[in-house]
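When we follow the working numbering, the leftmost residue of the sequence shown carries the number 2, and every step to the right adds one.
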Amino acid sequence: MGSIFAPAPIHLAILECDTPQPGARARYGTYGGMFEALLQRDPKQIAVTKWQVDQDDAEYPDIASIEAVLMTGSKHSAYLDVPWINKLVAYTQAAINTGRVKIIGICFGHQILGRAMGVEVGLNKAGWEAAVLPVKLSPAGQALFKKHQLNLQFSHQDIVVECPQGVQNLGSTPRCAVQGMYVPGKLISLQGHPEFDETTVREILHRKLEQGAFDDQAFAEGMARVGREQDGPFVGQIFVRFLLDELV
């Protein structure tokens, strides 16, 4: 006779590594809220807690109490030797070492994951990637996503330089050779931003122009691509299947 009790939901801890721009903050609250909207998960299957970790005194969830962790993007550089980033790297290493906690990393989170696994993370000499761009998927990426290409929103100038040993590289672009990392049942990361929509990236592009990070040409090129069709919602559902052990 089967149990009358439903299994407890998976506890996903979202580690928020920055605060969104004002417009995105008004719509989503935090980066964690942005990912909740992306995942569209059933709370009976995946329970989410959110932890702001971009401070030296940030609190983290007890690793024994969670089944998965998601690290968000950030304006900061993952290679910096500063206390809160070093603390995040150490926590990521501890999560990896459990052999049990699943890890998702996005942009900065992808780079933190690379650093935690001992590979070089640094400034991309080829420059920025911004707005919607195509990612050419590797054989591993094609097997995972059942596509040859992913179109994602981007906003980054830092990269994971090489894929760690024993980890599958999911794809590449002309400016970035490691666009994602994957170990079945263990970890998945992307350099792009599946959680970003057109409105979010338009705001980011305007802020980069105001700050002088983009010149007029880079801004115009990004604005010309920002409204293109992208695969963020599809990737969100892949993440859900990864968390629920539903990927073949």
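The beta carbon of each residue, even a glycine, is placed where N, CA and C say it ideally should be.
One or two residues paired with residue i in a DSSP bridge
i      : result
GLN150 : LYS137
ASN170 : MET182
GLY123 : ILE160
CYS18  : Answer is none; CYS18 lacks a bridge partner.
SER190 : GLY106 and MET182
MET224 : Answer is none; MET224 lacks a bridge partner.
Residues near residue i in its chain [Cβ-Cβ closer than 6 Å; skip 5 each side]
i      : result
GLY233 : PRO195
TYR92  : TYR61
ASN152 : VAL133, PRO135, GLN231 and ASP232
TYR80  : VAL122 and GLY123
ALA127 : ARG176
Neighbourhood of residue i by C-beta distance below 7 Å, restricted to the same chain and skipping five residues each side
i      : result
GLU130 : PHE155, HIS157, THR174, ARG176 and CYS177
LEU124 : GLN158 and ASP159
MET2   : Because MET2 sits at a pLDDT of 47, beneath the cut-off of 50, its placement in the model cannot be relied upon, and the point is left open.
Assigned secondary structure, residue i (DSSP; H/G/I helix, E/B strand, else coil)
i      : result
ILE1   : Here the chain has residues from 2 to 249 only, and residue 1 is not among them.
GLY106 : strand
ALA96  : helix
ALA131 : strand
VAL49  : strand
HIS12  : strand
HIS111 : helix
MET2   : At MET2 the pLDDT is 47, less than 50, meaning the model places this residue with poor confidence and gives no usable figure here.
PHE155 : strand
HIS307 : Here the chain comprises residues numbered 2 to 249, so residue 307 is not present and cannot be evaluated.
MET35  : helix
Sequence-distant residues of its chain with Cβ nearer than 8 Å to residue i (five each side left out)
i      : result
PHE215 : TRP129, ALA131, LEU206, LYS209 and GLY223
VAL120 : VAL161, VAL162, GLU163, CYS164 and PRO165
GLN22  : THR201, GLU204, ILE205 and ARG208
GLN143 : HIS149
LEU245 : ILE11, GLN46 and ILE47
Notebook entry, point to check: Does the segment 53-70 come close enough to the segment 136-149 to have 3 or more Cβ pairs within less than 8 Å?
Noted result: no
Margin query: So, does the segment 154-169 touch the segment 97-112, judging by three or more C-beta pairs under 8 Å?
Written below: yes
Notebook entry, point to check: Counting Cβ pairs, one atom from each stretch, are 3 or more of them under 8 Å apart for the segment 214-226 and the segment 93-106?
Noted result: no
Note to self: Closer than 8 Å is the cut-off here; do at least three beta carbon pairs connect the segment 65-84 with the segment 146-153?
What the structure shows: no
Margin query: When you compare the segment 45-58 with the segment 13-31, are there three or more beta-carbon pairs, one atom per stretch, that lie closer than 8 Å?
Written below: yes
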